[in-house]
Structures are given as structure tokens and as C-alpha cells.
Amino acid sequence: MSKKTYLQALNEALRQEMERDDKVFIIGEDVGRFGGCFGVTQGLFTQFGEGRVMDTPITESAIVGTAAGAAASGLRPVAELMFVDFIGVAMDQLFNQACKMRFMFGGKAKVPMTLRMPQGAGIGAAAQHSQSLEAWFMHIPGLKVVIPSTPYDAKGLLISAIRDDNPVVFLEHKLLYGVEGEVPDESYTIDLGKADVKREGADVTIVATSLMVHTALAAAEKLAAEGISAEVVDPRSLQPLDKATILASVEKTHALVIAHEAVGFAGPGAEIAAMVAEEGLEFLDAPIRRVAAPFCPVPFSPPLEQAYIPGVDDIFNAVKTIR
Amino acid sequence: MSPDKKTLVKMYETMSRIRLFETKLQEFFAAGRIPGFVHLYIGEEAVATGACAGLTNADKITSTHRGHGHLIAKGGDLKLMMAEIFGRKTGYCKGKGGSMHIADFDLGILGANGIVGGGGPLALGSALASKYSKTNAVTVCFFGDGASNQGTTQEALNMASAWKLPLVFVNENNGYGISCPQCKSMAVTDIADRAAAYDMPGVVVDGNDVLAVFEAVTEAVKRARHGEGPSLIECKTYRWRGHFEGDACTYRCDEELKEWMAKDPIPRMEEKLLESGVLKKKDVEAIRARIEQEVKDAVDFAEGSPLPSPAELLEDVYA
């Protein structure tokens, strides 16, 4: 166990999986000598060579399709798109091809591919390099959606994603790359579909993902100062979704706030709210609140971008309307 | 490379099998006995047949929405095909794919694609896997004239060439992207010309001459297998039927159809085999009778097979 950044944890997961299984390889734009757009694949080219860390042309459909075709042919690719926003170019290869192969062709195909994509606002990258698109992916049968918030989770979840026999979209947040935490040096897995209670509390459940887990934890501190005990639940994967942990928390606290950086309308929070309304309405003694980005593209100018990203006060105030 | 007698006869049989199988589908569709819709390959049999005749079982293909011919040419079982098209649980895809997605992964077919141009990137992955694992297998990517205009196809051509992947692009140019004629959808007359842009061989062949297709693809496969990279083979052909069964074909004239029907690949091959003495008239009749029986057996199998149960709906979504 030692302190590592989220980025180092991801890098270590990739390295250890590539050392363990020679079917694992990396494919994407500038993932080789350059080390990846944000540096996640740094050093891997030197260690494993161009045969296993493959720089592609700027050709997202071909990257995702190559990963799908190679996975269906028995390999275990880890593809990287520089920004999740670029998935629009390649979406067909993901949702119509990779995710339907098994179902459409009689259960014979296995498509063990991982597609890593950084998302999120906060670096002034504007509307086409800053989105949070997890809701798009949650809507695709055949796909798993993983969204880690801490270095520990990032490593264990990435290893599980690589070992999973299905297409997995792995959504990293750019602002988390530098976050530090304790991470075991050895390889370990975290089951996909297992939520983690990041802070225990009694008065309100805050379900948060990715960067918003940290924002929610800060809000919980502030609420504690006012005598409100908030429980913060991080689903860690949105498909499969750990309904049981969320429902158990709501049963205990009787109140639910959902926080994510994706836009609110038809966002992941809508699904979580609907699930709790359907399966745990009797647990609630207050309306469900959602804290999310507004329904607009991500803006460039710093004050606009800061207004766009949900903050500690947004979560704090949402809780205060029901507690 | 000239095919041996066994291969010649096999190619004749394969083309006949595709024709008789699909003629039966045409009849069934008209009678309302097939759910959904079907895209028939009648008239284009020489392309899949010639392209697959030189492949080994380890070689891979990617197929299209007009994919029955590819599957039969790769060794598909008519019973499992007919059952799939009838939506039965005994079909290749357990009734979940239907005519448009009929494929057998065990035969090295990475799917039959309902998205025009969808197969190119997948073929890259398949070819990359062969190179990565040093299996010596080659992937053949079938795509139409319509698909040749899709970005995915251009991306696949580019990356296959840049990475010298063992991949052969077989273009089935039947002259129309649904209703849109080639002259309205691209400025080039020969799609094979586009190979030059990717520094790979581009060859135009008579797609209704199974031997010409065989020779061109075999050469390209040999090249790919020796690590010399991809090729683009354009096979000029024609679909006798509409884009789908029920298409009124208002966008083309009868004269054009008649011209192409006169170039039917199956009698052309039959004449060659009779003239050269490879087959006698009675052999031809016996082959036909045998395939008719195969088709009949396939129909009996399909009709005798159970429909899937709604309980199977959620199976195979995840591995």
C-alpha cells in the first residue's frame, strides 16, 4: 500500500494486466511514446513496445471497431479515446457493433474490450472536450459503465473491466487524475456493480459519481457542522447498478439527493430517482432532489464553467431543502 | 492460380446453393411466410463464392445486410440459416438476428451487419488479432458500393494499409446504393481506383465471373498472408432483385436488368465446366437435385423447429 494518484493507479492497473495476460493490449491516439493525452499510458510503450501499445491514426471509429473486432477474435483490448466527447464519431462501432455482437449472433461472441475515456469539465476545454456522457452509455444493453472516483477504485475497477468478458466503458474524470489516495501495490479487483459507501450517515443519502463524490463529501462535512449527518454512496458502476446498496441507504436515512456532473435532464440521476421511487418510495419522507449540470453545452469562460459544474453549495442547499 | 477440379465443382455447387436457397426465400417472402424483410443476393453469387473458395476455415470474413451468400460460401448450414430466417430458436442466432444478421462465429464470420459500412473497422480488429497472435489467418471484408462511401470504410482502408494488416477488401459493386445509382453517389467509375489513395493494389474484376473473382482474391489473400498488406478488389455485379424484397425498383429499367441477367454467373460457370469436361450434364442435374433436397430439408427443419420462448429474451445480452 502506498499513496498514488488516480492517474498512477490507472497506469499501474494497465501495466499489471499487461504483464499478467499477453492478450491485453492498448490502442488509441498518442498512447505510445507520447504516453496518452493525459499521461495515463506513460511508460507502457517503453516496457511493452509498439506491438502492444499501438498509436492509431486520428480515426475514432476505427479505434473502437478495431478493439471490438480484436476482442471478438480472442484478444482483450484496452482502447483509449482522448476525450469522451469523441465517442460521437465512433458511436456506431460501440453501440451497434460491440454491444450487440453477443445477442445478435446467438450468444457465440464474447467482446472483452475496455474503452477508457476521460470526461468532465473544469479545465477550460469548452463544449466539445468537457462533457459527462455516462447517461448515453447507460442506455445501451450489452454495455457496462464504470465511473471511478478514487485512486483505489480506479485501479481495482480497471482491472475488473479488463477481465470482464463484455464491452466496458470506463469513464475517468480529468480533474481526478491528480487526486491522491492509498492504493495497494499488488493487483486486486473490485466487482463491477458494487457500490461503495464513502461516508456513513443517518439523515440523508447523497448518491454521487466521479468528481461529485468529492464534492458530496465536502458538502457532507459542511452539513455535519449544522448537525445533519449525510451518507455518501458512490455506485462506482452505473451499469450494472447496485440498487441494493442505494435502497438500503435510503431505507436508513429516508431522504435522497443525487449528484452528478452530467446534465440533469434524462441524466443518470433520473434513472436512480426512478428506481428509488419504484422500489423504495415507502422509505422516503421527503422529495428526491437532483444536483446536476444545467441543460446547456459546457461553456469556456472560467466564471461560466464554474457556474456550470455543480459545487459544494449546490449539494448543501439541495439537502437543506429537505433536511 | 487456377483452381483444381474439386474447387471448380465446389464453386459451381456453392453458387447453385445460394441461388436455390434464396429463390426459395423469395417465394416464401411473397407468400408472407417470413417475418421482417430480406435482402437477396441473387445475381451476385459469384462474388462471395469466388472470394471464399480459397479461404481456410481459420480465415475470417465480415458480412453485410445482404449476407446469405457470404455465409453459404463460408460453409454455412442451410438448416440453421432457414431456421434463423423463420425466427426459430434452432437458428444460427437463436432467432435474435434474422435474415440481416445471419452469421456463424464458429465459421470465422464476425457478424452480418445492418449498418452499411459497419464491418470495415471490425475487419481491422480481426486482421489485427491475426497479426498479433501470428495465426497466419486473413480477413476478407465484404462491402458494397454504398458502403464504399462511408467514412468507416475509408478509415479501415487507411489503417489496414498503414499497419499492413492481413486484410482483403472485397467490394461488391452492384451499381446501386438502395435506389441511388453509382453515378450519382461518387465521381469515380471504378471504386478500385480509391486503393491508390491508400497505396494498396486495387483491382477491378467481372463480379459475375467466379473464376475471375477467385483468382483476384486468391492473389490478394496470398499477399496478405505473406505480410504484404491489404488489397481492394472491386467486383462489378448486379442484384436481380430490389434492395429488399418488395422494392418496386422504380429507379432502374428492365433493359438493364435483362442485360445483367444474360450475364448470369451460374450458367456461365456451368458451360465452362461442361465444355472442359469437368462435369457432365447428368452431374449438373445430380448437383441441382441434391441442393434442392438440401433446401427442402432446411425448410422442413425450420418449420419443424420451435419458436423462441419469451423467457429467452434476456439471454445473451451479457457474457
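From first to last, the protein sequence lines stand for chains Z and E. Taken in order, the first sequence gives residues 2 to 324; the numbers are from this note's numbering. Taken in order, the second sequence gives residues 433 to 751; the numbers are from this note's numbering. The beta carbon of each residue, even a glycine, is placed where N, CA and C say it ideally should be. Only a predicted model underlies this, so the values are computations on that prediction, with no experimental measurement involved.
Chain-ordered chain Z contacts of residue i [CB-CB under 9 Å]
i, result
"Pro-662/E", "The contacting residues do not exist; Pro-662/E stays about 13 Å from chain Z at best."
Closer than 7 Å at the beta carbon, the chain Z residues around residue i
i, result
"His-471/E", "By Cβ distance, chain Z contributes nothing, its closest Cβ being about 16 Å from His-471/E, past 7 Å."
"Lys-526/E", "Gly-107 and Gly-108"
"Glu-537/E", "Contrary to the premise, residue 537/E reads as Phe rather than Glu in this sequence. Result: Phe-106, Lys-109 and Ala-110."
"Ala-594/E", "Pro-58"
"Gly-550/E", "Asp-93, Asn-97 and Gln-98"
"Leu-711/E", "Near Leu-711/E there are no residues of chain Z at all, since even the closest Cβ is about 36 Å away, more than 7 Å."
"Leu-542/E", "Gly-70 and Ala-73"
"Ile-517/E", "Neighbours of Ile-517/E on chain Z: none; closest Cβ ~13 Å, over 7 Å."
"Ile-547/E", "Asp-93 and Asn-97"
Bridge-paired residues (DSSP) for residue i
i, result
"Gly-182/Z", "Lys-5/Z"
"Ile-493/E", "Ile-541/E and Val-572/E"
"Leu-172/Z", "Met-118/Z"
"Asn-603/E", "Phe-575/E and Glu-666/E"
"Ala-294/Z", "Val-264/Z"
"Ala-515/E", "Beta-bridge pairing links Ala-515/E to no other residue."
"Val-636/E", "Glu-666/E"
"Ala-136/Z", "DSSP, once it has assigned bridges, lists no residue as partnering Ala-136/Z."
"Arg-520/E", "Arg-520/E pairs with nothing; no bridge assigned."
Environment of residue i [buried if 16+ CB atoms lie within 10 Å]
i, result
"Cys-685/E", "exposed"
"Lys-713/E", "exposed"
"Lys-690/E", "exposed"
"Leu-711/E", "buried"
"Met-2/Z", "exposed"
"Phe-296/Z", "exposed"
"Phe-46/Z", "buried"
"Leu-305/Z", "exposed"
"Glu-389/E", "Absent from the structure is residue 389/E, since the part of chain E shown begins at 433 and ends at 751."
"Leu-739/E", "exposed"
"His-533/E", "buried"
"Phe-461/E", "buried"
"Thr-682/E", "exposed"
"Glu-516/E", "buried"
"Arg-237/Z", "buried"
"Asn-318/Z", "exposed"
Chain E contact residues for residue i, given Cβ-Cβ distances below 8 Å
i, result
"Thr-60/Z", "Glu-587, Asn-590 and Met-591"
"Ala-68/Z", "Gly-557"
"Gly-75/Z", "Ala-561 and Ser-565"
"Ala-209/Z", "The premise fails here: Ala-209/Z is roughly 26 Å from chain E at the closest Cβ pair, so nothing lies under 8 Å."
"Phe-26/Z", "Tyr-564"
For residue i, the three-state DSSP class (helix, strand or coil)
i, result
"Gly-194/Z", "coil"
"Thr-406/Z", "Past the edges of chain Z, shown from 2 to 324, lies residue 406/Z, and the structure says nothing about it."
"His-261/Z", "strand"
"Ser-238/Z", "strand"
"Met-213/Z", "helix"
"Ile-28/Z", "strand"
"Val-65/Z", "helix"
"Ala-128/Z", "coil"
"Lys-456/E", "helix"
"Glu-201/Z", "coil"
"Tyr-608/E", "strand"
"Lys-145/Z", "strand"
"Met-55/Z", "strand"
"Pro-300/Z", "coil"
"Pro-467/E", "coil"
Interface partners of residue i on chain Z, CB under 8 Å
i, result
"Val-727/E", "Per Cβ cutoff of 8 Å: no residues; Val-727/E is ~22 Å from chain Z at best."
"Val-749/E", "Arg-103, Phe-104, Pro-142 and Gly-143"
"Gly-529/E", "Met-105, Phe-106 and Gly-107"
"His-533/E", "Met-105 and Phe-106"
Partners in chain E for residue i, counting only beta-carbon separations shorter than 7 Å
i, result
"Ala-326/Z", "There is simply no residue 326/Z to check, as chain Z begins at 2 and stops at 324 in what is shown."
| said: Counting only Cβ-Cβ distances shorter than 8 Å, please list the residues of the stretch 93-106 of chain Z near chain E, keeping chain order. | reply: Listed in sequence order: Asp-93, Gln-94, Asn-97, Gln-98, Met-102, Arg-103, Phe-104, Met-105 and Phe-106.
| query | Mind listing which residues of the stretch 157-172 of chain Z have their C-beta closer than 7 Å to chain C's C-betas, in chain order? | reply | As a matter of chain content, chain C is missing from the structure shown, whose protein chains are Z and E.
| task | Output, in sequence order along the chain, the residues in the stretch 573-587 of chain E whose CB is closer than 7 Å to any CB in chain Z. | result | Sequence-ordered contacts of the stretch 573-587 of chain E with chain Z read Gly-583, Thr-584 and Glu-587 [C-beta pairs closer than 7 Å].
| Using Cβ-Cβ distances below 9 Å, what residues of the stretch 32-59 of chain Z are close to chain E? | Gly-52, Arg-53, Met-55, Thr-57 and Pro-58
| said: To be precise: take each residue of the stretch 445-473 of chain E, compare its Cβ to all Cβ atoms of chain Z, and keep it if any distance is under 9 Å. Which residues remain? | reply: Of all residues in the stretch 445-473 of chain E, none is placed with a Cβ closer than 9 Å to any Cβ belonging to chain Z.
| request: Could you run through the stretch 494-514 of chain E and flag, in chain order, every residue whose CB is less than 7 Å away from some CB of chain Z? | output: none
| Mind listing which residues of the stretch 476-494 of chain E have their C-beta closer than 9 Å to chain Z's C-betas, in chain order? | Lys-492 and Thr-494
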